[in-house]
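Mapping the sequence shown onto the numbering used here, position 497 (from 1) lands on 532, and the numbers just tick up by one. In this text, a Cβ means the ideal position worked out from N, Cα and C, and glycines have one as well. The structure appears below as structure tokens.
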Amino acid sequence: MTTLNPAQRRAVEHTGGPLVVVAGPGTGKTRVIIHRIERLVNVTGAAPESVVAITYTVKAAEQLRDRLSALIGAPLADRVVVRTFHGLGAGLLRRFSDLAGLPADPMMIDSAQRRRLLRRLASEHRLFDDAVASGRDAAADESWWTISALQNRGLTPAEASAWVETLAGEPPRGDESAFVARMARLRDAVKIYGLFDAQCSRSGWLTYNDLLSRPVRLLGSSPRAASIVRDEWRHFVVDEYQDTNLAQLRFLTALCPGTHPDLCVVGDDDQSIYGFRGADDRAFFHFERQWPASERVRLEENHRSHASIVAVGNAVIARASVRFDPEKRIRSIKGEGGSVEHVRLEDDAKAGAVIAAMILEDRASALAAGRDWSWKRYVVLARTHTDADRAASTLELEGIPTRRARSASAENDEGVRDVLAWVDLLTDPDDSVSLMRILRRPPIGLSAPATAALWREFRARESRGPFEDRAGESPASWFAARGEADPALARFSALWTELLDVSAGIPADEAIEAIITRADPAHADLPPGHRRDQTPRDERLRNLVRLLRFARDKQPRLGPPGDLAAFRSYFNDLEPRDRMMTDDSDAAADEADAPSDGEGVAVVTAHAAKGLEFDTVFIVRVAPPYGFPKNNGEDRAELPADTSSDDERDEKSSRLDEERRLFYVACTRAERRLVLLGKLPKGKSKSAAHFALELLGDDESRARVTTNEWGAVLARAAERGVGLRSLGAPGGELSEAADARSALARYRSSARRDAASALDHADRPGITPRDLAGISGLLESAARRLALAAALESGSPVPAWADDDPEWRGEFDSLRDALTHRTPEAPLFAPVPAPLTLSYTSLNDYLRCPRCWYLKHVLKVPERGGRAINVGSLAHRALQTYFELWRRAEAEGAPTPGEAVLEQACGAEVLRSAGPLGEVSAEDARRVVALTRAAVTLTRAGGGCNILEIERRFSFPIEHGGTTHTITGSIDRIDQRTNGQFRLIDYKTGRPTQALLAPKPGDLQMGVYVLALPAVFGEAGKEPDGGLAGTAEYWILSSGEQGTIGLDTIDTGAVRATIAGVIDGITKGRFPALCKGKGPCGVLGEAGDATAPAEE
């Protein structure tokens, strides 16, 4: 107690009712919690079992118990109840299962079971009829978000129903029809919530959210359970209270009834950063509303950071629009000192090199001065995993060890992905993506050029249609039939035939075990046991065991007949988190993003850095819209505003507040040095907020921030002897080091494949001594090549054994020269010669992932699901037919066609797509009709428009780099209003997103349409702001909504620049895997390294 400051002591000694401890970063909140518990036990005489400490994560609970043990001893600490909210709820449900109406061991259902139950209930009760356009299954899937949001607000199904009716009676001003449609969907979501909840109760099933809601019902409905619990648990301390929501508040209220419970909540609303997980950033406001007599203690003495860092943190958070305690201002007890720097970049990709230079310079100075030094002093914080990955790759290229995520999903392991590819191919022989992965990966090992050449041959045969022998044959069967052409294809043919035979008619878990045993992904590519850049053997084996355990655990949950097809369907219904193949607890999730232990610079996202501290913190991409703040993320569906809430912020302001708090958390991880890196706009920022500009524009904070140009930082480091492999001279472009590293990785991979192939040859009967000698030679050769690669990577001289052998000395020299002079093998991803012909779809595909673009548009690898009926395409064609009739009727002065004509057009397209022997899906037919009805409704609502063009095709030239390229496409519809203005319409059949509902000036698709207007209208189309006035509109047919932008608002200059960038990338052979191999390009494995010039 003597080590506590006055504010901490007040918090520890407080008695007499609820207490809010507002604890800023580094102010010792955990000290307050453990000393408060110590005082309860040792001073007031409270039984340890009567004290409940609630934490946000399992890991935090373990750390709290460890610190409590150090203070009061393990025997007493072990008797204190330390749990998460969900852990506490699960314990109550187990203990009082009979009173809760549950079996003794209720089953936690996963996302696949939940999704299937919701779909079944929606179908049985004919819910979401108005969402037929998007599909009843899709609407049922989306309803889970609404259910979760209602549960996070602490609402039962009955309460949610009452809330919706209250909401429906208070329509906002604006589009009444849209409000009615939203209310209808919300009512159905609430209905399915009640049905789902009742079914789970009858079946003894629980969801994760039930671990909060059902204990509340238990304590409210069972006086016996409530009496027992409230008698046993009398004192409560809650950590990280800012990360709670109304459901957790209701749980606390049920545990702590009355106006003066012994309840202390500790946290900082300025650090509330988990809104995407359901946290409510107004948690402290709700607490004080529940217990208005609660007292407040403010912790403001920061023990972590120097004054400059604290001042910058205060400046960042002071601009938040809503704060629970706006008077809170952190003070550093370390006094003046420390530094805050801003490094201005021209390109965010150079951040890693700048950080490496600063770290290496810091290291050299420390070692020269004889100071203690460690890589663990540093952390790189990023807004996204992509930026973190890029920074980590650059640091490792410079020889700086890094610490990344503590544990990753087994699904990302290459061996596990191989097994899942076999599962996909065995259940769907037309799955070309899985086929290409299997062909490229060991033990098949077909080269990338050979794979591409054979695929072109297969596609050419397909194009010749029924006149070709074996027409209609699946890709897998076609490749298997060519076993005599290549040893690799022979291995595929044998394994394909064997696995087809063995997997037929057996349970999925047994089939997966057979794949693991016979394809042998654990050893097929001989994964190394010690290298940082590859999955070690023991980790590969662990991940395959996780997969097999996962399959065995899920086997009872599969639908009949429980085979591989059932597993594949079930697996695809799981949410990504449920595919991680970790233990079914939140402990694994706690550690998923945290930096691993050991030596190295930590590289993590800002969310994962919560609770950590480092001497030096680097924050990358301190600029919108992709960094701090990030304002272009995925759309989060939102419940309508609670009319009883006094929160006046709109969704945009609320999100910006959370981004600001996240940046505040990132800044306040620093003890001595904080470095911000990012681009600055040449003029005024167009974003709602630019955190770096705010700091540099504020007099007080600007005095604390030192500014540098990235080139000057590199030049200073070079003067002090720090050279970088990832960059040439300061101010230069990316060097060849990354290509050299990739070439070494390919050389190693080739050696390992050759060794694996040699072992495969040995694993057969009838081996002769001569065969064994040849196999031994191959293995020795592979071992020597790996040794040469290791020597070159480390900068060591040629090994003595190679120096004495002219052949191996020549191999060493050739490899070294290849790395030095960049004479790599011919790339699979070769530049595409100009001129190009591109469409909007092609442009967008390239921007999403250039490597996947190459597979789709150059190699012509079809996307998964390409044979399924495309409901959106059918709707487009039906609308084309219908509106042609509409336009003809208007021209003739006849009534426009009605509902029957529309349904007839839809039916004709559905039947045509099915073919003479195909089956027609009633659900697909209903969706097509619903989508087209939405377009007709929007047309009639618009009124006063003449339809000028339908599916208007265009082609226009675009000059770039001295070459004329061609952009082609078609505009769904062009209307002309009675005032002469035009309306460009694009039908969208997917879900509404913010990008569609509120198009921005740089919108690529509408920008392409505007650029096409001269080709459509001649001279009148050259100047949209003069010659053509009007709007470009997205019609989201699944919801009946529109997104509109003025033609004169579209920034055609930005659109041209985007197109030019794509043209440069394609013609210069820049095909990086932006999807990180998660898309179709992942099938080519390490072939992705054999690309032409890297992206600048």
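When you compare only the Cα positions, how much space is there between residue i and residue j?
i, j, result
"Arg476", "Asp521", "15 Å"
"Pro258", "Glu97", "32 Å"
"Leu966", "Thr916", "14 Å"
"His995", "His121", "59 Å"
"Cys887", "Phe493", "19 Å"
"Val117", "Leu298", "15 Å"
"Ser831", "Phe847", "12 Å"
"Ile227", "Lys589", "26 Å"
"Arg114", "Val332", "28 Å"
"Arg755", "Pro110", "55 Å"
"Ile904", "Leu973", "Its pLDDT being 47, under 50, Ile904 is placed unreliably in this model, and the value from its coordinates should be taken loosely. Each residue's Cα considered, the two are about 25 Å apart."
"Arg922", "Ala174", "33 Å"
"Gly942", "Gly907", "14 Å"
"Phe322", "Pro60", "21 Å"
"Ser829", "Asp383", "29 Å"
"Glu548", "Leu530", "14 Å"
"Pro659", "Thr1024", "30 Å"
"Gly348", "Cys702", "6 Å"
"Asp145", "Glu177", "16 Å"
In its own chain, which residues sit with a C-beta less than 8 Å from the C-beta of residue i, not counting the 5 before and 5 after it?
i, result
"Asp274", "Lys64, Thr65, Ile68, Ala88, Ile89, Thr90, Tyr91, Ala95, Leu99, Val301, Gly302"
"Pro870", "Thr998, Thr999, His1000, Thr1001"
"Arg684", "Ser356, Val357, Asp692"
"Asp316", "Gln277, Asp304, Ser307, Gly310, Val357, Ser689, Asp692, Glu693, Arg696"
"Asp1060", "A caution first: Asp1060 carries a pLDDT of 43, below 50, which makes its placement in the model unreliable, though a value can still be read off. So the qualifying residues of the chain are Leu1082, Asp1083."
"Leu937", "Ala913, Tyr917, Val964, Thr967, Arg968, Val971"
"Val199", "Met218, Leu221, Arg222, Val225"
"His70", "Met36, Leu39, Gln43, Val47, Leu106"
Answer yes or no: do residue i and residue j have a C-beta to C-beta separation smaller than 8 Å?
i, j, result
"Pro866", "Thr1102", "yes"
"Val1097", "Phe698", "no"
"Glu376", "Val710", "yes"
"Gly480", "Pro556", "no"
"Leu882", "Ile1094", "no"
"Ala515", "Phe527", "yes"
"Ala417", "Ala426", "yes"
"Ala260", "Leu134", "yes"
"Gly313", "Ala342", "no"
"Asn337", "Arg366", "yes"
"Val57", "Asp422", "no"
"Phe1106", "Pro932", "no"
"Ser512", "Pro897", "no"
"Gly646", "Arg438", "no"
Closer than 7 Å to a non-hydrogen atom of the ligand ZN - does that hold for the CB of residue i?
i, result
"Leu281", "Absence of the ligand ZN is noted for the structure shown, with no ligands found whatsoever."
To which residues does DSSP link residue i through a beta bridge?
i, result
"Val86", "His270"
"Ile1020", "Arg1008, Glu1068"
"Met1140", "With the chain represented from 36 up to 1131, any question about residue 1140 goes unanswered, as that position is not in the structure."
"Thr872", "Thr1001"
"Ser374", "Arg708"
"Gly302", "Val57"
"Phe989", "Gly1004"
Spatial neighbours of residue i within its chain, please: C-beta separation below 7 Å, excluding the five flanking residues on both sides.
i, result
"Trp408", "Arg398, Ala401, Leu402"
"Pro834", "Ala822, Ala826"
"Trp457", "Ile473, Leu534, Ile550, Ala554"
"Arg129", "none"
"Pro765", "In this prediction, Pro765 has a pLDDT of 37, which is less than 50 and means its spatial position is unreliable; nothing more can be read from the coordinates."
Please look up how many angstroms separate the CB atoms of residue i and residue j, rounded, as I've assumed it's under 8 Å.
i, j, result
"Leu137", "Gly239", "6 Å"
"Ile982", "Phe918", "6 Å"
"Thr1079", "Thr1066", "5 Å"
"Ala705", "Val652", "4 Å"
"Asp789", "Ala818", "The pair is not a contact, with the Cβ atoms about 10 Å apart (cut-off 8 Å)."
Give every residue of the same chain whose Cβ lies closer than 6 Å to the Cβ of residue i, excluding the five residues on either side of it in the sequence, and list them in chain order.
i, result
"Ala80", "Looking at the sequence itself, residue 80 is Gly, so the reference to Ala does not match. Contacts found: none."
"Thr279", "Ala318"
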